[in-house]
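K.L.:
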Amino acid sequence: MNPFDYHRAEDAAGAAALVADNPAAAFLAGGTNLVDRMKLGVTAPDTLVDITHLPMDEVEELPEGGLRIGANVRNSEAAAHPLVRTRYPVLSQALLSGASGQLRNAATTGGNLLQRTRCVYFQDLSTPCNKREPGSGCSALEGYQRYHAVFGASPDCVATHPSDMAVALAALDAQAVVQDAAAERRIPVSRLHRLPGEAPERDTVLAHGDLITAVELPAMPMAARARYRKIRDRASFAFALVSAAAAMELAEDGTVADARIALGGVAHKPWRARLAEEALIGAAATGHDFAAAAEAELAEARPLPGNTFKLPLVRAAITTTLGEVADGVRGRGAGPDQGEGER
């Protein structure tokens, strides 16, 4: 590991200013992703600004009934919080399906949103990678493609975003609270991350030095029956091949009045399945209609030769998760506290 300077931030604006003034500086919170990349040589900051002591470690109820989760709240704490479990069980389920218990005890809300891809070529300095070294090429295009994108990729990058938590937050219409050196602003989580386009080295719309201080969840009654499903190669400590977060509200006649669906493991960002959502509005809440919604979303899929198997997984993830949500809304499914957890 290369030597680096260490600064302990005293406030959020000061931390943002320190990093903004130095292109080679980075924020340090849980470090579960950053330190790994530093060990591999993928990232070599010359300055780390420690934000772990800033007052961003609380889960607070908002006046309108939503929640504010501080950026330093550990993943395990957020997953276990009573208000998260009862009002937003999909978020608890997503957090519990990520990494291991030890990592969840260290990883933070802000860091989870900003973790970088686990593409094997991004982490291997001996191979070309446009995300790591712009203009060098994308090794995955002719290489190992099992974990790569089927939506929104470009000729320059087919990597996927690894977060489970971010998928749930995208489905919940959450907002990231962002502090720069001068002011605070809010960005919808569904717009926080970028598709690769011609600049795959940029994961998010944030400027260098922008600091996520919290995530805010709006009051959303249908979120209490939302569900998260993760399909992976092994039962725990594995990234998603495909995941789905879904929430749904039914009208009095049993048709779908509102729906939220987000997918993980399929794109450079948490993929909000808006075509599927649109197809559901006014439809009967049946397996046939859920499958039709999945097909509407899959019309935009562009798989690679090595990951065409993800298409039936997307179909199954959407259909099955919506079925579980519908059963819960009708009172036949698991209660909000009965998440999948880590198995």
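Counted the way this note's numbering counts, the sequence shown spans residues 1 to 343.
We put the CB at the ideal spot given by N, CA and C, even for glycine.
#1: Is the beta carbon of A240 sitting closer than 8 Å to the one on R232?
#2: From A226 to L313, what distance separates their C-alpha atoms?
#3: Per DSSP, C157 is paired with what?
#4: Are the CB atoms of T43 and A25 nearer to each other than 8 Å?
#5: Can you tell me the Cβ-Cβ gap for A166 and P270, rounded? I've got them flagged as a contact below 8 Å.
#6: How long is the line joining the alpha carbons of V19 and G209, rounded to whole angstroms?
#7: I'd like the list of long-range same chain contacts for A106, defined as Cβ closer than 6 Å, with 5 residues on each side in sequence excluded.
#8: Could you work out which residue in G264, D173, M56, T86 is closest to E74 when comparing CA atoms only?
#9: Per DSSP, which residues does A25 bridge with? Please list them.
#10: Please report how far the alpha carbon of Y144 lies from the alpha carbon of E10, in whole angstroms.
#11: I need the DSSP call for Q102, collapsed to helix, strand or coil.
#12: Leaving out five residues before and five after D289 in sequence, what residues of the same chain have Cβ atoms less than 6 Å from its Cβ?
#13: Measure the C-alpha to C-alpha separation of R330 and M222 and round it to an integer number of angstroms.
#14: Helix, strand or coil for A247, going by three-state DSSP, please let me know.
#15: According to DSSP, is D337 helix, strand or coil?
#16: How should P196 be labelled, buried or exposed, when 16 other C-beta atoms within 10 angstroms of its C-beta is the threshold for buried?
#17: Thinking C-beta only, is L304 closer than 8 Å to V158?
#18: By alpha-carbon positions, which one of Y147, L125, A71, A94 ends up nearest to A267?
#19: Smallest Cα separation from P3: which of A12, K39, N22, A13?
#20: Starting from L298, trace the alpha helix (DSSP H) both ways and give me its first and last residue.
#21: When you compare only the Cα positions, how much space is there between G14 and L125?
#22: Beta-carbon within less than 8 Å of N22's beta-carbon, same chain only, minus the 5 sequence neighbours each way: which residues are those?
#23: How many angstroms separate the CA atom of A207 from the CA atom of Q115?
#24: Quick one: what's got a C-beta closer than 7 Å to A214's C-beta in the same chain, skipping five residues either side?
#25: Would you report the Cα separation of L172 and A182, rounded to the nearest angstrom?
#26: Hey, could you find the ends of the beta strand (DSSP E) R229 is sitting in?
#27: Which runs of the beta strand (DSSP E) at least 3 residues long sit entirely within the stretch 197-241? Give them in chain order.
#28: Give me the Cα-Cα distance between A285 and M220, rounded to the nearest whole angstrom.
#29: Could you tell me whether the Cβ atoms of L34 and I51 are closer together than 8 Å?
#30: So within the stretch 103-185, which uninterrupted beta strand (DSSP E) runs reach at least 3 residues, ignoring any that extend past its ends?
#31: Take R185 as the anchor and find which of A199, V205, L169, A79 has the nearest alpha-carbon.
#32: Would you kindly check if the distance between the Cβ of D164 and the Cβ of S243 is under 8 Å?
#33: With a cut-off of 8 Å on the beta carbons, I'd call A245 and Y228 a contact; round off their distance for me.
#34: I'd like to check one pair, E216 with L328: are the Cβ atoms closer than 8 Å?
#35: Terminal residues of the continuous beta strand (DSSP E) containing E61?
P.N.:
Inspection of the coordinates gives the following:
#1: Yes; because the gap between Cβ atoms is below 8 Å, this pair is in contact.
#2: A direct Cα-to-Cα measurement between A226 and L313 gives close to 19 Å.
#3: S154
#4: no
#5: 5 Å
#6: 5 Å
#7: G30, T32
#8: Position check: residue 74 holds Arg in this sequence, whereas Glu was assumed. Nearest C-alpha to R74: M56.
#9: T47
#10: 44 Å
#11: Looking at Q102 - three-state DSSP - the assignment turns out to be helix.
#12: A283
#13: The alpha-carbon atoms of R330 and M222 are separated by roughly 12 Å.
#14: Reduced to three states, the DSSP call for A247 is strand.
#15: Reliability fails at D337, whose pLDDT of 49 lies under 50, so the model's placement of it is uncertain and no value is given.
#16: buried
#17: yes
#18: Y147
#19: K39
#20: 287-298
#21: 33 Å
#22: D46, T47
#23: A207 and Q115 have their C-alpha atoms roughly 16 Å apart.
#24: M56, R68, I69, G70, A71, V177
#25: 28 Å
#26: 227-231
#27: 211-217, 227-231
#28: 20 Å
#29: no
#30: 175-179
#31: V205
#32: yes
#33: 5 Å
#34: Residue identity check: residue 328 is Gly in the sequence provided, not Leu. Taking 8 Å as the cut-off, the beta carbon of G328 is found no closer than this to the beta carbon of E216.
#35: 59-61
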